[in-house]
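In the numbering used here, the protein residues as written are 16 to 225.
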């Protein structure tokens with residue numbers, strides 16, 4: 016029972032989704048620094064490394080800490096500074112950022128990667144869990160916005176390529192407390208894989224844009 020409790024707790028910490036508490040005036044507050052330290056201590060005491068799932072995943076970075084502290088609604092100035100720092104840290108490749116949309120579709124459909132028994136470097140995006148992407152795909156999530164027709168509507172100019180690549184690499188560079196996984200920042204996907212997902216959204220031949 017304890018392990019079943021700890022797993023979702025760890026996921027909440029990792030994705031910056033700590034549930035807010037309510038103050039006397041009805042305002043929502045996040046977790047205090049002391050609360051976050053206590054939660055981390057519980058996780059460290061009850062979990063252990065296995066394969067590529069190391070204890071480093073328990074540690075909060077600046078983005079996760081800020082979002083937890085303010086229940087995903089930090090002061091605008093702090094959010095802006097965090098977004099700027101996250102964007103600055105994205106290593107954008109030179110040249111075209113559009114890869115192979117067919118490889119991108121496979122990644123979008125795949126949910127593999129980063130579990131203890133996955134091979135290092137084998138990752139997927141699980142994109143359909145949260146988004147509609149190809150209009151012909153019936154199984155898709157609605158947690159995120161529909162991306163059907165994304166490239167047809169926006170085009171694939173260099174600045175659009177850069178935005179899509181950056182958003183997939185680290186969504187917190189554009190929205191400090193975004194719930195979207197930071198695929199490049201976390202090492203889940205490499206540069207070519209992110210290019211392939213960018214192609215899925217922007218290539219005119221992709222089923223997304225048909």
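Yeah, the Cβ is synthetic: ideal placement off N, Cα and C, and Gly gets one too.
- Task: Identify whether residue 72 lies in helix, strand or coil by the three-state DSSP scheme.
- Result: helix
- Query: Quick one: complete beta strand (DSSP E) runs, 3+ long, within the segment 103 to 130?
  - Reply: none
- Since residue 166 and residue 224 are thought to touch, with beta carbons under 8 Å apart, how far apart are those beta carbons, to the nearest angstrom? 5 Å
- Message: Using a Cβ-Cβ cutoff of less than 6 Å, which residues in the same chain neighbour residue 26 once the five nearest sequence positions on both sides are dropped?
- Response: Since pLDDT at residue 26 reaches only 42, below the 50 mark, its modelled position is unreliable, and the value read off the structure follows with that caveat. For residue 26, where only same-chain residues beyond five positions count, there are no Cβ hits under 6 Å.
- Taking the C-alpha atoms as reference points, what is the distance between residue 200 and residue 151? 30 Å
- Message: Using CA atoms only, rank isn't needed, just tell me which of 121, 170 and 175 is closest to residue 204.
- Response: 121
- Message: Whole angstroms are fine: how far does the CA of residue 51 sit from the CA of residue 107?
- Response: 33 Å
- Query: Between the beta-carbon of residue 171 and the beta-carbon of residue 113, is there less than 8 Å?
  - Reply: yes
- Query: Does the pairing of the segment 82 to 99 with the segment 140 to 154 give three or more beta-carbon distances under 8 Å?
  - Reply: no
- Message: So, at 6 Å on beta carbons, what are the nonlocal neighbours of residue 155 in its own chain, with the 5 sequence-adjacent residues on each side left out?
- Response: 143 and 147
- Message: I'd like the list of long-range same chain contacts for residue 190, defined as Cβ closer than 8 Å, with 5 residues on each side in sequence excluded.
- Response: 98
- Task: Give the straight-line distance between the Cα atoms of residue 181 and residue 57, rounded to the nearest whole angstrom.
- Result: 34 Å
- Item | Closer than 7 Å: residue 92 CB and nearest the ligand GDP heavy atom | This structure lacks the ligand GDP, and indeed carries no ligand of any kind.
- Message: Would residue 140 and residue 163 qualify as a contact pair, given that the criterion is a beta-carbon distance under 8 Å?
- Response: no
- Query: Which residues in the same chain have their Cβ closer than 7 Å to the Cβ of residue 216, if we skip the five residues on either side of it in sequence?
  - Reply: 162, 165, 166, 179 and 223
- Item | Completely contained alpha helix (DSSP H) runs for the segment 153 to 197, where each covers 4 or more residues | 165 to 169 and 173 to 184
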